[in-house]
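Following numbering that gives the first Met the number 0, the numbering of the sequence shown begins with 0 at its first residue and continues without gaps.
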Amino acid sequence: MKKWTRRAFIGAGVLAGGTLVIGIAIRPGNRSSKVAGLIASEGETVMNIWLKIALDNTVTAIIPHAEMGQGVHTALSMMLADEMEADWSKVKFQEAPADKEYANFTLLKGFVAGNATFPKFIEETIDGVFLTAVKSLNFQITGGSASVRFTGQQAMRIAGAAAKSMLMEAAADTWKVPVEELIAKNSIISHPSSNRSATFAELAPAAAKVNIPTQPKLKSPGEFTLMGTSQPRFDIPAKVTGEAQFGMDVQVPGMKYATIKAAPVFGSKVKSVDTTVSSSQRGVKKIFNLGDAVAVIADGYWQAKTTLDALPIEFEATENSGLNQEEIMDRYRKAMDTDLAEGNLDTHFKDGDATTALEQAAILVEAEYQLPFLAHATMEPMNCTAWVHDGKCELWCGSQNPLGVRAAAAELLEIDTDQVTVHNQLLGGGFGRRSETDVMKQAILIAKEVNYPVKLIWSREEDTQHDVYREATISRMKAGLDQSGLPTAYAHQFIFKHHPPEAADIPYSIPNQLIQYSSPASHVPWGNWRSVDHSTHGFLTESFIDEMAHAAKQDPFAFRKKLIKDQPRFQRVLDLVYEKSNWGTPLPANWGRGIAIAQSFGSIVAEVAEVEVGIDGNVKVHRVVCAVDPGFAIHPNGFIAQMESGIIYGLAAAMTGEITIENGAVAQSNFHNYPVTRMNEAPKIETHIINSGNPPGGGGEPSTPVIAPAVTNAIFDATGIRIRQLPISKNDLKASIRPTT
């Protein structure tokens with residue numbers, strides 16, 4: 000689909016209690032008045048959609064996204080404040096409440112239409128359609144690397160620019176001077192010719208009566224004062240001092256603790272359990288059979304856990320109770336074979352005649368790849384504190400979709416959403432896992448049976464064995480090359496297509512393409528895992544293009560560059576990673592370099608990994624060079640941190656990440672058999688940013704898809720062994736090691 004270029008429609012402002020309210024309005028009407036009282040403090044009678052100005056000249060950005068270490072509260076506040084010409088020292092933020100008026104239509108609009116500019120005469124209607132949709136979907140997601148590229152671009156910048164315009168009009172009307180003679184800077188509007196000035200707060204009452212411009216003029220990059228700088232992040236000081244409040248830190252008066260054990264086999268039920276609390280179980284308050292799980296409430300978490308561990312629980316057997324990993328993969332292969340034989344494959348993309356071109360190719364390259372199930376392994380244990388009382392429900396949790404949590408609670412308790420309050424906290428890692436509502440629902444089911452608040456905490460074992468997983472994948476790829484090594488055909492058959500829809504596309508110019516997929520049945524629950532389908536297709540595409548390069552007897556860098564010669568952004572990223580990685584220079588024996596590149600979530604990332612394969616066959620990643628074109632990095636230091644985070648996360652999955660099924664259940668249980676990258680295992684990471692002037696792309700996810708193929712391609716360079724099955728630890732590399740003198 001062709002990408003448009005952007006922008007939302009500015010609605011009206013109202014003044015109440017000394018606070019200027021600026022909101023993005025959607026037809027019909029101005030939403031600012033609809034949020035009155037949602038998060039008002041003393042002296043503030045109205046809280047608006049995206050922006051308020053208080054009597055002390057403080058500008059507060061209302062941010063509809065959760066903070067899980069990505070620095071989103073700071074970056075979005077910077078975008079708003081820069082367009083507004085606000086004094087950064089006087090800028091604050093508040094996280095938007097879980098309310099339908101804060102359903103984020105700009106995010107859904109961005110996912111559907113990109114950074115779109117619609118004709119002015121239909122833009123209001125388009126925005127109204129998206130607002131209606133997000134309200135019905137309870138859509139308040141933090142994910143998809145979308146906060147800056149959609150909310151920032153289409154909401155925060157426009158709201159800030161509109162507020163500045165209104166303040167300047169108010170000043171011009173008050174002083175009877177042309178608005179063109181005014182200057183906005185550091186939260187002050189001034190008129191140099193008459194030596195008059197006023198603060199934003201002083202002008203707020205008059206500005207609230209000004210019509211909001213529908214399409215305010217936005218700054219060009221050369222005019223930015225905050226965007227593109229690395230301002231101190233709002234979330235860091237409290238994390239350093241320990242004052243930061245995560246879900247695990249919540250304390251509510253009278254609160255008790257609960258933990259849970261679900262049926263090991265997904266879809267199974269509790270067959271029998273004794274829910275009697277004996278006098279010997281000190282501190283234990285209640286034992287519950289929730290149908291598919293057993294929960295224990297106690298005065299403390301450890302009391303609840305030790306009691307739960309000692310309970311004799313019997314679970315029902317299901318048709319999946321004897322199912323093992325090998326059988327699952329065999330079923331997937333048979334489904335692929337059947338779909339291919341019967342012509343039932345779904346088509347992702349088709350161009351030309353790949354079948355004929357493959358038959359006529361001078362060189363045929365074929366490979367099958369296999370990837371495992373993966374868990375999220377968030378560092379903060381899954382938790383939720385619930386209090387059901389007086390026909391109401393209060394929840395304290397860290398969620399990537401607090402509005403979705405609110406809707407789920409209301410549905411579960413059969414009460415109106417107005418009776419549910421979600422107190423969203425900082426998230427100790429999300430990666431997609433905390434967009435789910437399963438933990439919150441369990442906490443509610445437990446809390447509604449007692450008359451006090453209950454904090455449900457999952458053990459690490461429960462988290463590992465009852466996650467929603469990135470699916471195991473099988474991929475079959477074929478390519479045809481001519482005598483010169485130039486690709487003439489590309490065919491790819493894979494299983495499970497989720498999103499983003501373009502994830503299986505390739506950036507390379509190959510004339511005949513056929514990309515198809517199967518959707519076999521699986522009892523293992525699927526969930527969004529960092530970068531979603533890009534995490535699988537990044538490995539598949541960039542591994543296979545490397546195989547094609549070597550079959551053509553060409554350098555992997557040069558081969559890629561030749562196939563993207565018509566894409567200047569890709570060319571520049573490849574050239575930069577080539578330069579910074581010292582591609583082609585000698586390395587020690589048993590060392591290798593591997594390269595990979597991919598575009599995801601609006602950013603283009605190339606990585607070169609330098610690895611060493613030891614005499615024991617173990618792989619050590621020494622260095623990763625990352626070149627990235629995100630369009631424009633709003634907060635460079637924060638963006639670099641996100642690149643590093645995505646690389647480390649993807650490296651853990653590539654090296655050792657594997658969830659396997661034994662007798663229908665997850666075999667792994669904790670970090671001893673589902674290890675993550677430790678500090679001493681982390682490579683040196685060097686990130687180089689290209690600000691190309693394109694709309695800002697994502698930062699949280701685009702570096703993850705590239706690291707696995709960069710490392711496996713480097714292993715091939717070092718050993719001549721091609722890794723086609725992850726994790727890398729499953730592959731025996733000892734025999735490939737060349738003796739050193």
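Idealized CB from N, CA, C, for every residue including glycine.
Asked	Found
Whether A595 touches G649 by CB criterion (7 Å)	no
Meets three-Cβ-pair contact criterion under 8 Å: the segment 719-729 and the segment 354-365	no
Validate contact between the segment 373-386 and the segment 441-449 using beta carbons, cut 8 Å, 3 pairs	yes
Distance between D273 and L307 (C-alpha atoms, nearest Å)	11 Å
Length of the line joining the Cα atoms of A360 and P695	40 Å
Presumed contact (8 Å Cβ cut-off) between D462 and M381, rounded CB distance	5 Å
Cβ-based burial, E318 [other Cβ within 10 Å; buried from 16]	exposed
Whether A503 touches H533 by CB criterion (7 Å)	no
Three-pair Cβ contact test at 8 Å for the segment 68-75 versus the segment 630-637	yes
Segments of 4+ residues assigned as alpha helix (DSSP H) that fall wholly inside the segment 125-201	156-174
Nearest neighbour of A742, chosen from E460, D481, A356 and S521 [CA to CA]	In the structure as shown, the chain begins at 0 and stops at 740. Residue 742 is therefore absent and cannot be evaluated.
Chain-order list of residues whose beta-carbon lies under 6 Å from that of K447 (same chain, five-residue window excluded)	V387
3 or more residues per run - each beta strand (DSSP E) lying fully within the segment 614-673	618-628
Euclidean distance between Cα positions of S518 and R475	14 Å
For L71, three-class secondary structure by DSSP	In the sequence as presented, Leu is not what sits at residue 71; that position holds Val. Helix, per DSSP.
Reduced DSSP category for G246 - H, G, I as helix; E, B as strand; rest coil	helix
Rounded C-alpha distance that separates D466 from A53	44 Å
Per-residue burial, Q230 [other beta carbons within 10 Å of its own, 16 or more giving buried]	buried
Cβ-based burial, I660 [other Cβ within 10 Å; buried from 16]	buried
Alpha-carbon to alpha-carbon, G246 and K238	14 Å
Beta-carbon spacing of H190, L181 below 7 Å	yes
Which listed residue (K683, K91, A200 and E435) has its alpha carbon closest to that of D234	K91
Rounded Cβ spacing between P506 and F556 (contact assumed at less than 8 Å)	With a Cβ gap of about 14 Å, P506 and F556 do not count as contacting.
Beta carbon of A605 nearer than 7 Å to that of V623	no
Residue nearest to V438 in terms of C-alpha spacing, selected from A334, A407, F430 and Y468	A407
C-alpha gap between G84 and A207, whole angstroms	As written in the sequence, residue 84 is Glu, which differs from the Gly given in the question. Taking the straight line from one Cα to the other gives about 17 Å.
Cβ pair count under 8 Å reaching 3, the segment 335-351 against the segment 208-217	no
Sheet register partners of G537 (DSSP bridge)	Note: G537 sits in no beta bridge, so no partner.
Beta-carbon spacing of V741, V710 below 7 Å	Residue numbering for the chain in the displayed model covers 0 to 740; residue 741 lies beyond these limits and cannot be assessed.
Cβ shell of I121 (< 6 Å), same chain only, five flanking positions each side left out	Unreliable placement is indicated for I121, whose pLDDT of 48 sits below 50; the coordinate value is still reported in the next sentence. So no residue of the chain qualifies.
Cα-Cα separation, L370 to A158	44 Å
Close Cβ partners of R571 (< 8 Å) along its chain, the five nearest in sequence each way excluded	D628, I689 and S691
Integer Cβ distance of C392 from Q418, believed to fall under 8 Å	7 Å
Those runs of the alpha helix (DSSP H) which lie wholly inside the segment 335-388 and span at least 4 residues	353-358
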